[in-house]
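Q: Below is a structure I'd like to ask you about.
Number of protein chains: 2
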Amino acid sequence: MRQAALLRSDKGLGTPGTDRKKVKPAVAATTIADDDRKDHFVVRNGVRCAGVHLIVDLYDAKHLDNIDLIDAALRKCVAAAGATLLHIHLHHFEPNGGVSGVAVLAESHISIHTWPEAHYAAIDIFMCGRANPDACIPVLREAFKPKNIAVGEHLRGQGA
Amino acid sequence: MRQAALLRSDKGLGTPGTDRKKVKPAVAATTIADDDRKDHFVVRNGVRCAGVHLIVDLYDAKHLDNIDLIDAALRKCVAAAGATLLHIHLHHFEPNGGVSGVAVLAESHISIHTWPEAHYAAIDIFMCGRANPDACIPVLREAFKPKNIAVGEHLRGQGA
Numbered sequence: 003m004r005q006a007a008l009l010r011s012d013k014g015l016g017t018p019g020t021d022r023k024k025v026k027p028a029v030a031a032t033t034i035a036d037d038d039r040k041d042h043f044v045v046r047n048g049v050r051c052a053g054v055h056l057i058v059d060l061y062d063a064k065h066l067d068n069i070d071l072i073d074a075a076l077r078k079c080v081a082a083a084g085a086t087l088l089h090i091h092l093h094h095f096e097p098n099g100g101v102s103g104v105a106v107l108a109e110s111h112i113s114i115h116t117w118p119e120a121h122y123a124a125i126d127i128f129m130c131g132r133a134n135p136d137a138c139i140p141v142l143r144e145a146f147k148p149k150n151i152a153v154g155e156h157l158r159g160q161g162a
Numbered sequence: 003m004r005q006a007a008l009l010r011s012d013k014g015l016g017t018p019g020t021d022r023k024k025v026k027p028a029v030a031a032t033t034i035a036d037d038d039r040k041d042h043f044v045v046r047n048g049v050r051c052a053g054v055h056l057i058v059d060l061y062d063a064k065h066l067d068n069i070d071l072i073d074a075a076l077r078k079c080v081a082a083a084g085a086t087l088l089h090i091h092l093h094h095f096e097p098n099g100g101v102s103g104v105a106v107l108a109e110s111h112i113s114i115h116t117w118p119e120a121h122y123a124a125i126d127i128f129m130c131g132r133a134n135p136d137a138c139i140p141v142l143r144e145a146f147k148p149k150n151i152a153v154g155e156h157l158r159g160q161g162a
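Residue numbers (my numbering), protein chains in the order written: chain B, 3 to 162; chain S, 3 to 162.
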């Protein structure tokens with residue numbers, strides 16, 4: 003599933019082979035915890051947790067007032083991650099054109115809030131189970147063309 | 003994590019009034035940036051940012067499979083923060099009873115994901131504008147009675 007997700011996420015980026023080579027070393031291994039507990043916790047880089055939460059900030063990005071493009075990008079992220087979309091809601095603000103949106107997933111959620119006038123977007127990708135949140139990053143790069151992107155990671159629920 | 007905003011307490015499970023007193027000293031001042039930009043950025047503890055994002059983890063918490071209680075708690079959080087609810091969606095999972103829910107706000111969002119069998123919940127409170135995300139913490143303590151609560155803070159969009 004991880005390889006399939008990477009292949010999908012690299013589509014349309016021009017040079018998939020090169021992209022995959024660049025992305026692979028940074029992709030962390032996430033597996034389902036194989037103990038007797040039935041709570042669907044995962045193991046990421048050896049750490050047992052409830053889910054992986056990526057904090058993604060896009061700077062100098064484009065199309066941040068385009069709600070249709072944002073809707074499509076969120077759906078592509080869900081597909082790339084191998085996740086299951088349960089519900090999606092986006093709201094378009096006036097007069098600045100900013101968008102707030104959330105995709106509720108079987109594996110948690112993706113959220114986006116954009117400030118088009120500042121060319122900035124705050125995105126969260128929170129996934130548990132077998133979904134691969136890292137696979138969303140190339141999709142976001144392709145959709146919003148940020149000059150800078152910062153990705154932080156929280157392994158939520160350690161010790162729970 | 004910008005600052006050591008890790009608030010951990012095993013106390014405060016009794017009366018809400020006492021909880022508020024304990025939390026107050028850690029509450030940060032958030033004001034609207036008063037420069038000429040019209041992007042509704044805020045200033046928190048002297049730092050200009052797009053919004054305040056609290057990462058909240060509840061451990062040894064109760065009622066995490068009670069979707070009605072969770073719905074009510076999210077609405078109380080919105081009211082306590084002085085925020086504006088645009089849309090709310092909750093999903094109840096089987097067989098473990100876990101709940102995923104998101105409240106989309108005029109000021110960003112609140113999300114919750116619960117693992118009842120692990121007595122753990124992952125909550126995000128992301129607010130821009132004049133809303134006060136800190137005001138949600140006593141509401142969450144009262145609703146879910148966690149033995150431990152961890153609150154981290156990201157000031158999103160610094161430098162945007």
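Even for Gly, the Cβ is constructed at its ideal location relative to N, Cα and C.
Under DSSP, the beta strand (DSSP E) around S:ARG50 begins and ends at which residues?
A: Numbered from its first residue, the second sequence carries residue 50 of chain S at position 48. Looking at the DSSP string, the run of the beta strand (DSSP E) that includes S:ARG50 is 49–51.
Q: Closer than 8 Å, CB to CB, is B:ALA74 near chain S or not?
A: Residue mapping note: residue 74 of chain B aligns to position 72 of the first sequence, counting from 1. So, not an interface residue.
Q: At the level of alpha carbons, what is the spacing between S:GLU144 and B:HIS42?
A: Counting from 1 along the second sequence, the entry for residue 144 of chain S is found at position 142. Counting from 1 along the first sequence, the entry for residue 42 of chain B is found at position 40. So the alpha carbons of these two residues sit roughly 27 Å apart.
Q: So, with DSSP's three-state summary, where would you put B:ALA120?
A: On the first sequence, position 118 is the one that residue 120 of chain B refers to. Helix, per DSSP.
Q: Let's see if you can read the secondary structure: which residues bound the beta strand (DSSP E) around S:LEU157?
A: In the second sequence, counting from the first residue as 1, residue 157 of chain S sits at position 155. Taken as a continuous stretch (DSSP letters only), the beta strand (DSSP E) holding S:LEU157 covers 150–158.
Q: What are the boundary residues of the beta strand (DSSP E) that includes B:ARG46?
A: In the first sequence, counting from the first residue as 1, residue 46 of chain B sits at position 44. Per DSSP, B:ARG46 belongs to the beta strand (DSSP E) from 44–46.
Q: Enumerate in chain order the residues of its own chain whose CB-to-CB distance from S:VAL29 is below 7 Å, with the five nearest sequence positions on each side excluded.
A: As a first step, residue 29 of chain S must be located in the second sequence, where it is residue number 27. Residue confidence is low: S:VAL29 scores 47 on pLDDT, short of 50, so the model does not pin down where it sits. Its coordinate-derived value is still stated next. Correct list, in chain order: ASP136.
Q: What did DSSP end up calling S:LEU76 once you bin it into helix, strand or coil?
A: Taking the second sequence and counting its residues from 1, the one referred to as residue 76 of chain S is at position 74. Reduced to three states, the DSSP call for S:LEU76 is helix.
Q: Relative to the C-alpha of B:VAL80, which candidate in B:ALA63, B:LEU66, B:VAL106, B:HIS55 has its C-alpha closest?
A: Counting from one through the first sequence, the residue named residue 80 of chain B turns up at place 78. The residue with the shortest Cα to Cα distance from B:VAL80 is B:VAL106.
Q: Do the CB positions of S:LEU71 and S:ILE125 come within less than 8 Å of each other?
A: Along the second sequence, read from residue 1 onward, the residue named residue 71 of chain S stands at position 69. Along the second sequence, read from residue 1 onward, the residue named residue 125 of chain S stands at position 123. No.
Q: Based on the DSSP secondary-structure assignment, which residues constitute the bridge partners of S:ASP126?
A: Counting from one through the second sequence, the residue named residue 126 of chain S turns up at place 124. S:ASP126 pairs with S:ILE57, S:SER113.
Q: Taking DSSP's pairing of strands, which residues face S:ALA105 in a bridge?
A: The residue you call residue 105 of chain S lines up with position 103 of the second sequence. Paired residues: S:ILE90, S:ILE112.
Q: Output the distance between the C-alpha atoms of B:ILE69 and S:ALA108, rounded to the nearest integer angstrom.
A: Residue 69 of chain B sits at position 67 when you count from the first residue of the first sequence. Residue 108 of chain S sits at position 106 when you count from the first residue of the second sequence. B:ILE69 and S:ALA108: Cα-Cα distance of roughly 16 Å.
Q: What do you get for B:THR86, buried or exposed, if any count of 16 or more other CB atoms within 10 angstroms of its CB means buried?
A: Within the first sequence, numbered from 1, the residue matching residue 86 of chain B stands at position 84. Looking at its Cβ environment, which holds fewer than 16 other Cβ atoms inside 10 Å, B:THR86 is exposed.
Q: Take S:PRO148 and list the residues in its own chain whose beta-carbon comes closer than 7 Å to its own, dropping the five residues that flank it on each side.
A: Residue numbering aside, residue 148 of chain S sits at position 146 when the second sequence is read from its first letter. Closer than 7 Å at the Cβ level, and outside the excluded window around S:PRO148, lie LEU60, TYR61, ASP62, ALA63.
Q: Flag this pair as yes or no: are the beta carbons of S:LEU88 and S:ILE114 separated by less than 8 Å?
A: Working through the second sequence from its first residue, we reach residue 88 of chain S at position 86. Working through the second sequence from its first residue, we reach residue 114 of chain S at position 112. Contact flag unset, no.
Q: When burial is assigned at 16 or more other CB atoms within 10 Å of the CB, is B:THR33 buried or exposed?
A: If you number the first sequence from 1, residue 33 of chain B lands on position 31. With fewer than 16 other Cβ atoms within 10 Å, it is exposed.
Q: Rounded to the nearest angstrom, what separates S:ILE57 and S:GLU155 at their Cα positions?
A: Position 55 of the second sequence, counted from the first residue, corresponds to residue 57 of chain S. Position 153 of the second sequence, counted from the first residue, corresponds to residue 155 of chain S. Approximately 6 Å, taken between the alpha carbons.
Q: Per DSSP, which one or two residues make a beta bridge with B:ILE34?
A: Locating residue 34 of chain B in the first sequence gives position 32, where the first residue counts as 1. In DSSP, B:ILE34 forms a bridge with B:VAL44.
Q: Quick check on S:ASN134: buried or exposed, where buried means 16 or more other Cβ atoms within 10 Å of its Cβ?
A: Looking up residue 134 of chain S in the second sequence gives position 132. S:ASN134 should be labelled buried.
Q: Below 8 Å on C-beta distance, what does S:VAL153 contact in chain B?
A: Residue numbering aside, residue 153 of chain S sits at position 151 when the second sequence is read from its first letter. Correct list: empty, because the minimum Cβ distance to chain B is about 12 Å.
Q: Listing by chain order, which chain B residues have their CB less than 9 Å from the CB of S:GLY99?
A: Your numbering for residue 99 of chain S matches position 97 in the second sequence. Near S:GLY99 there are no residues of chain B at all, since even the closest Cβ is about 11 Å away, more than 9 Å.
Q: In chain order, what residues of the same chain have a beta carbon less than 7 Å from the beta carbon of S:ARG132, not counting five sequence neighbours either side?
A: Here residue 132 of chain S refers to the residue found at position 130 when the second sequence is read from its first residue. Here the set comprises ILE34, GLY84.
Q: From what residue to what residue does the alpha helix (DSSP H) around S:PHE146 run?
A: What you label residue 146 of chain S is simply residue 144 of the second sequence in a count that begins at 1. Run containing S:PHE146: 138–146, per the alpha helix (DSSP H) assignment.
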